[in-house]
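Everything on this sheet refers to the single structure shown next.
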Amino acid sequence: MAIGVFDSGVGGLTVHRELTTRFPTRDFIYLGDQAHAPYGGRGGEDIVELTRAGC
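Numbering (my numbering), first residue to last: 20 to 74.
This is how it looks when you write it as structure tokens:
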């Protein structure tokens, strides 16, 4: 099973890079959505919809 990294701003690639360094035998999926950032003021349904659209 892959480990998912979701980034709605900046910093997700840094986290992804560190995880792949620490866990080189694991599979990762990275999803970055800077087009709709920031996510902080969005409601849960909006975040789910944007996440599904990115998958």
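The C-beta atom is built at its ideal place from N, Cα and C for all residues, glycine as well. Just so we're clear, the structure is a prediction, and the values are computed from it rather than from any experiment.
Own chain, CB closer than 8 Å to residue i, minus 5 neighbours either side, in chain order
i     : result
Gly28 : Gln53, Ala56, Pro57 and Tyr58
Range of the contiguous alpha helix (DSSP H) that encloses residue i
i     : result
Thr65 : Correcting the residue type first, residue 65 is Asp in the shown sequence and not Thr. Element bounds for Asp65: Gly63 to Gly73.
Contacts around residue i, its chain only, beta-carbon distance under 7 Å, and the 5 residues preceding and following it disregarded
i     : result
Thr39 : Phe47
Ile66 : Tyr58
Arg45 : Ile22
For residue j and residue i, believed in contact at Cβ under 8 Å, the rounded distance
i     : j     : result
Gly30 : Val24 : Not confirmed; about 10 Å, so no contact.
Boundaries of the beta strand (DSSP E) in which residue i is found, first to last residue
i     : result
Gly31 : Here Gly31 belongs to no beta strand (DSSP E); instead the alpha helix (DSSP H) covers Gly31 to Arg41.
Tyr58 : Note, Tyr58: premise wrong, no beta strand (DSSP E); not H, not E.
Residues of its chain near residue i, where Cβ-Cβ distance is below 6 Å and the 5 sequence neighbours each way are ignored
i     : result
Asp26 : Gly51
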